[in-house]
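Heads up: the structure comes next, in structure tokens.
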Amino acid sequence: MYQQTKIVVNNMNFYYGRKQVIFNLNLEIPKNEIMAVFGPASSGVTTLLRSLNRLCDLNPEAHMDGDVLLDGKSVYGHGANVTELRRKVGMVFEVPTPLPMSIFDNIAYGPRLSGRKGRRDIAETVEQSLRKAALWDEVKDRLSISGMSLSGGQQQRLCIARVLALEPEVIILDRACSGLDPISTAKIEESLMQLKEQFTIVIAPHNVQQAGRVCDRAVFMLMGRLIEEGTNVEVFSNPRDQRTSDYITGRFG
Amino acid sequence: MKLTPAQSERIAKTMIWAAALLVIGLLLFIMVYILVKGLPVLSLQFLTDIPRSMGRAGGIASTIVGTFMVTALAIAIVIPFGIGTAFYLAEYTKGNIVTRIIRFSAESLAGIPSIVYGLFGFIFFVIYLGLGWSIISGGLTLAFMILPTVIRTSEEAILAVPHIYREVSFSLSATKWQTISKVVFPSALLGIVNGVLLSVGRCVAETAAVILTAGSSYGMPTSVFSPTRTMAVHFYLLASEGISMENAYGTAALLIVLILLINVVANAFVNRFIAKGR
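These protein sequence lines are chains A and B, in that order.
Heads up: the first sequence begins at 16 in the numbering used here, then just goes up one per residue.
Heads up: the second sequence begins at 33 in the numbering used here, then just goes up one per residue.
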């Protein structure tokens, strides 16, 4: 379908216990683009995003059928390597969550896990990651202070830098700007625009406006079903489905 | 008569303040009373000599060493098992039958009077295992006694670590053990140390269980198989048998000072360890 497809979701049905939250979902996510997945509360957006790096495995109630393919290889299949998958598919959460350690250690966390030890090497990665997340200039003199002492917007950019330090291929942002002021949000959106050159980005925007601003393609979900998928213009200017149009124009949601 | 909100506010405030002041006042009174009575007794000779003629004369050096050894042994035994169990309960299982059995046992054990542990230690370690009245029997018995507290306080500290830290760690490609050792444990450390400190206090202050398992001989212990008399046992015997109230107060004063010191040092250690993260 695309020139280069990064992720394929095949016939996904997702359940928490006996409650089904995603129904027969098929989706292809293209490489080096920003794809927005949006919909009202409990539409299955977060679950879909968390299924891409198997973070939903942490919930013992969760189970699914169907499959997710990353570069054509199943991430749920027999012998799939979850650690490797999560290194390739990084995630930024809704609430900015620095781990209770210094700025430097927060960003070095991922690289150190994979066994990298060289001090120079890690310091280099930390700097590069902070630069890409547009945070370097604000924190370069105080890398040893706690990540928790930064402002909300800075914390979220720290979290983005932390994901970048993993040298991932895909970055997922789950309503990552919902608690931030407009200026911080603008900074993050700006860095996303640059990051898509190197990465595939999947974003659950916190509102329709943000989805319209940043994405190349968009997916609208409702009650666990994929309603509409297309380019930014197709979905936001010329939606085919009445429900998409109603949601975008603010008639519900 | 009906009170206006302002009046009830003032009355509530007064009563709450009175309760707090009373408690603090009592605590200070007891501490000051013991320190005033006991500190003058403390001298270099009192600290370095072993008790003589049943404790009427001499010092308390051997009881300091005995207290330290029994407590250190108990803590050294309880830390791996207690904290390990707490991590098992909090991170590796969820509400199955095994967890419920462990929790129920721990809660029941916490409610048993210490003298029952003493009796168990006496029968099992002293007699059945043939360890005799010894530091090792005393240490093992105290370890059993404080195990439930350490498990419970550690588990609470681990559960208090925000769940999102674990999610973040996993999402950064950490394994379960990496998540526990690099994120959960450091975050829970303050609470875990507090639980252990509480147990140190209980070990140091314990008499009944120690008399039955470590004995009350006041010679200088030479190994963990020596019998010993801890400071708490020493001043219990000095006071209850009317040997020397003066020396009993001296020992008690030192005990209070030691417990204060342990708290200060441990807090400094923990603060240093977590300072970077907060």
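The beta carbon of each residue, even a glycine, is placed where N, CA and C say it ideally should be.
Which residues in the same chain have their Cβ closer than 6 Å to the Cβ of residue i, if we skip the five residues on either side of it in sequence?
i: R177(A); result: N121, I122
i: G101(A); result: Strictly speaking, residue 101(A) in this sequence is Arg, with Gly absent from that position. Excluding positions up to five away in sequence, the list reads N68.
i: R42(B); result: none
i: L105(B); result: G171
i: R84(B); result: G90
i: P126(A); result: I137, T140, A180
i: L188(A); result: V107, I218
Which residue wins for smallest C-alpha separation from residue i, given the options the options?
i: A192(B); options: A138(B), P218(B), A38(B); result: P218(B)
i: I111(B); options: V289(B), W165(B), M177(B); result: M177(B)
i: F78(B); options: R304(B), V302(B), L293(B), L286(B); result: L286(B)
i: K208(B); options: V182(B), F119(B), N295(B); result: F119(B)
i: L74(B); options: S85(B), A89(B), A237(B), W49(B); result: A89(B)
i: V216(B); options: I288(B), I144(B), E199(B); result: E199(B)
i: R234(B); options: P180(B), Y65(B), N279(B), Q210(B); result: P180(B)
i: M263(B); options: L71(B), A44(B), V102(B); result: V102(B)
i: S203(B); options: V23(A), A51(A), L42(A), S66(A); result: S66(A)
i: T283(B); options: L71(B), L293(B), I48(B); result: L71(B)
i: L85(A); options: P45(A), V107(A), C71(A); result: P45(A)
i: L150(A); options: Q169(A), I198(A), K132(A); result: Q169(A)
i: D152(A); options: L42(A), G133(A), R172(A); result: R172(A)
i: I82(B); options: M252(B), N279(B), R304(B); result: M252(B)
i: G6(A); options: I37(A), M79(A), E204(A); result: No information on residue 6(A) is available, as it lies outside the stretch 16 to 268 that chain A covers here.
i: S205(B); options: G59(A), M208(A), P183(A); result: P183(A)
i: T99(B); options: I48(B), T239(B), S40(B); result: T239(B)
i: K69(B); options: L54(B), Y281(B), K34(B), V97(B); result: Y281(B)
i: V210(A); options: D196(A), N47(A), R240(A); result: Residue identity differs from the one stated: residue 210(A) is Leu in this sequence, not Val. Among D196(A), N47(A), R240(A), the Cα nearest to that of L210(A) belongs to N47(A).
i: N247(A); options: E43(A), I22(A), Q35(A), I49(A); result: I49(A)
i: E187(B); options: S213(B), S166(B), A122(B); result: A122(B)
i: C71(A); options: G265(A), R232(A), G94(A), V36(A); result: V36(A)
i: V83(A); options: V24(A), L63(A), E204(A), P115(A); result: V24(A)
i: S94(B); options: T80(B), G57(B), I107(B); result: T80(B)
Which chain A residues are close to residue i, counting only those with a beta carbon under 8 Å from its beta carbon?
i: F202(B); result: L70, L73, R101
i: I196(B); result: F108, V110, T112
Can you give me the Cβ contacts of residue i inside the same chain, cut-off strictly under 7 Å, excluding the 5 residues immediately before and after it?
i: N39(A); result: N26, N28
i: F119(A); result: V141, L158, S159
i: K308(B); result: Residue confidence for K308(B) is low, a pLDDT of 48 falling below 50, so the modelled location carries little weight and cannot support an answer.
i: R255(A); result: E243
i: F157(B); result: L163, S169, L172, T173, T245
i: I291(B); result: G233, V236
i: L67(B); result: A285, I288
i: Y149(B); result: T173, F176, M177, A241
i: I183(B); result: G114, T117, A118, A138
Output, in chain order, the set of chain A residues within a Cβ distance shorter than 9 Å of residue i.
i: A206(B); result: T98, R101, Y124, G125, L128
Taking Cβ-Cβ distances shorter than 9 Å, what residues in chain B pair up with residue i?
i: M106(A); result: E199, V200, S203, L204
For residue i, which residues in the same chain have their Cβ closer than 8 Å to its Cβ, ignoring the five residues on either side in sequence?
i: G153(B); result: S169, G170, L172, T173, F176, A241, L244, T245
i: T259(A); result: F235, I242, E243, V250
i: R310(B); result: Summary for R310(B): the model assigns pLDDT 49, below 50, so the residue's position carries little reliability; its value from the coordinates is reported in the next sentence. Cβ within range, chain order: n/a, list empty.
i: L165(A); result: P113, I118, V154, L173
i: T264(A); result: none
i: L141(B); result: F176, L179, P180
Could you tell me which residues DSSP puts in a beta bridge with residue i?
i: E43(A); result: V23(A)
i: G90(B); result: P83(B)
i: T112(A); result: DSSP output for T112(A) lists no bridge partner at all.
i: A77(A); result: Y31(A)
i: S117(A); result: S161(A)
i: G105(A); result: I186(A)
i: F53(A); result: F235(A)
i: D82(A); result: N25(A)
i: R146(A); result: Answer by DSSP bridge pairing: none, since R146(A) is not bridged.
i: L241(A); result: M236(A)
i: T173(B); result: Looking at the DSSP assignment, T173(B) forms no beta bridge with any residue, so it has no partner.
i: A22(B); result: Outside the displayed span of chain B (33 to 310) sits residue 22(B), for which this structure offers no information.
i: I218(A); result: A51(A), L188(A)
i: S89(A); result: L84(A)
i: T246(A); result: R232(A)
i: I37(A); result: F29(A)
Counting only Cβ pairs nearer than 7 Å, list the residues of chain A close to residue i.
i: S213(B); result: Under the 7 Å cutoff, chain A gives no residues; its nearest Cβ is about 11 Å from S213(B).
i: S219(B); result: P115
i: Q210(B); result: L128
Hey, does residue i have any beta-carbon neighbour from chain E nearer than 9 Å?
i: Q39(B); result: This model lacks chain E altogether; the protein chains it does include are A and B.
Looking at residue i and the ligand ATP, is the gap between the Cβ and the nearest heavy atom below 8 Å?
i: R228(A); result: For the ligand ATP, the structure offers nothing, since it holds no ligand at all.
Quick one: which residues of the region 167-181 of chain A get their C-beta closer than 9 Å to a C-beta of chain B? List them in chain order.
C174, R177, V178, A180, L181
Tell me which residues of the region 109-121 of chain A have at least one Cβ-Cβ distance to chain B shorter than 7 Å, keeping chain order.
V110, T112, L114, P115, M116, S117
Residues of the region 112-128 of chain B with a CB closer than 8 Å to any CB of chain A: list them in chain order, please.
K126
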